[in-house]
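Since the structure comes first, as structure tokens, the remarks are kept for the end.
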Amino acid sequence: MTNSAPAVEPGCCVPSDVAGMCAADAEDTAALLKAVADPVRLRLFTRIAAVDDSLCVCDIQDVGVSQPTVSHHLKKLREAGLVDCERRGTWVHYWPTELGARLSRAVTSLAGEHIGA
1 MTNSAPAVEP
11 GCCVPSDVAG
21 MCAADAEDTA
31 ALLKAVADPV
41 RLRLFTRIAA
51 VDDSLCVCDI
61 QDVGVSQPTV
71 SHHLKKLREA
81 GLVDCERRGT
91 WVHYWPTELG
101 ARLSRAVTSL
111 AGEHIGA
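Using full-length UniProt numbering, read the sequence shown as starting at 1 and increasing by one per residue.
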């Protein structure tokens, strides 16, 4: 038995001049996707991104996990640059960044296609 690769048909392979994502862009994109890859984090993110203004943390924390866990997930979203926040009195208000708004549109589109399939 030999361990040789099957013969390659001419024209079946990707041309060598096709540009893919560079390593730095791939790492940045993977970090963004990782930030919303957790189901709880994705729910928090889509709630924040769904409004035109900001949302009080009191309006988004009911996702079935403890308050410290919500805080952890919101911190991850902030660190990824997807949401920003501001303390107003005793509450913190969150809103999507421009990057977050763009990612939200992409996620919503993808989810709509997946759900509609």
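From the three backbone atoms N, C-alpha and C, an ideal C-beta is built for every residue, glycine too.
Backbone CA spacing between residue i and residue j [nearest angstrom]
| i | j | result |
| --- | --- | --- |
| V65 | P39 | 11 Å |
| G89 | K75 | 19 Å |
| H72 | A23 | 28 Å |
| M21 | D28 | 11 Å |
| R47 | A19 | 35 Å |
| S109 | Q67 | 29 Å |
| S104 | F45 | 8 Å |
7 Å Cβ cutoff met for residue i and residue j
| i | j | result |
| --- | --- | --- |
| A31 | P96 | no |
| V83 | Y94 | yes |
| A35 | A80 | yes |
| R43 | V63 | yes |
| Q61 | V51 | no |
Simplified DSSP assignment, three categories, for residue i
| i | result |
| --- | --- |
| C58 | helix |
| D52 | coil |
| D84 | strand |
| V63 | coil |
| V36 | coil |
Which listed residue (the options) has its alpha carbon closest to that of residue i
| i | options | result |
| --- | --- | --- |
| D53 | V70, Q67, L103, E98 | E98 |
Other residues of its chain near residue i: CB distance less than 7 Å, five sequence neighbours each side excluded
| i | result |
| --- | --- |
| W91 | C56, V57, C58 |
Residue i: CB within 6 Å of a non-hydrogen atom of the ligand SAM
| i | result |
| --- | --- |
| H93 | Among the components of this structure there are no ligands whatsoever, and the ligand SAM is therefore not found. |
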